[in-house]
Amino acid sequence: APSAVSRPTMAMERSYIMIKPDGVQRGLVGKIITRFEERGYKLAGLKLKQADEALLKKHYKDLVDKPFFPKLLAYMISGPVVCMAWEGKDVVAMGRKMLGETNPLASAPGTIRGDFCLEVWRNICHGSDSVENADKEIALWFGEAEVVDHESAMQDWIYE
Ligand code: UDP
Ligand code: MG
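Number 155 in mature numbering (1 follows the signal peptide of the UniProt record, and there is no 0) belongs to position 131 of the sequence shown; there are no gaps in the numbering.
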């Protein structure tokens with residue numbers, strides 16, 4: 025195995041990636057997790073959760089005043105979601121690229137939305153849009169003990 029000396033010492037960022045109720049109901053959980061695993065990202069938190077209005081109002085605090093917010097709320101509480109914290113190099117920006125555009129029809133094939141969905145109201149996944157928001161979202165959706173610092177056995181094969 026590569027020497028432990030090559031292990032990066034810099035703190036890696038994390039992104040909050042969430043599979044929305046339609047993604048869970050359509051059985052896409054495994055496929056979405058696989059994409060992040062295969063890219064080389066490390067899972068730091070994972071759970072299934074039924075969200076409620078109070079939590080979603082905090083999560084989407086920038087959208088609560090929009091006319092479409094009630095519809096967004098109804099969509100997001102229509103079933104359980106899968107909450108994930110993924111860790112690794114540039115994972116926030118790369119997570120957004122892997123998800124695709126908000127409107128699935130504008131998403132390139134090869135992205136999650138571009139491969140698995142057609143409608144903006146059924147766009148199956150969420151990804152943090154900045155490192156700052158990622159930290160806030162992970163703290164909002166997970167308890168402290170639910171996000172786990174650990175070393176991946178593959179780290180030295182993924183990072184220089
Ligand atoms: N949304 C929508 N229509 C809109 C704007 C937002 O359906 O015109 C929904 C959609 O599910 C989207 C979520 O609200 O994913 C949050 O909106 P945002 O602009 O943050 O998009 P995202 O960051 O998820 O791509
Ligand atoms: Mg957003």
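We put the beta carbon where it would ideally sit given N, CA and C, even for glycine.
Cut-off 8 Å between Cβ atoms - residues of its own chain near residue i, not counting five sequence neighbours on either side
i	result
D114	E37
V172	A68, G69
Expected contact under 8 Å - CB spacing of residue i and residue j to nearest Å
i	j	result
E111	A68	5 Å
I182	G51	With a Cβ gap of about 28 Å, I182 and G51 do not count as contacting.
K66	P104	That belief does not hold up - the Cβ atoms of K66 and P104 are roughly 24 Å apart, past 8 Å.
S39	S152	5 Å
E170	K82	The pair is not a contact, with the Cβ atoms about 17 Å apart (cut-off 8 Å).
DSSP beta-bridge partners of residue i
i	result
R59	BP columns for R59 are empty, so no partner.
C149	I43
P133	T135
Beta-carbon spacing of residue i, residue j below 8 Å
i	j	result
D86	I148	no
V106	V53	yes
A75	I41	no
I162	A109	yes
C141	P128	yes
I56	I136	yes
Which of helix, strand or coil DSSP assigns to residue i
i	result
R50	coil
L123	helix
L79	helix
L70	strand
Y99	helix
V105	strand
E111	strand
A177	coil
Same chain, Cβ closer than 6 Å to residue i, five either side skipped, listed in chain order
i	result
residue 185	This structure cannot speak to residue 185, because the chain is shown only from 25 to 184.
N157	none
G119	S39, I41, G151
Residues near residue i by beta carbon distance below 7 Å, same chain, minus five either side
i	result
P155	According to the sequence provided, residue 155 is Val. The question's Pro does not apply to it. Taken in chain order, the residues that qualify are E37, V116.
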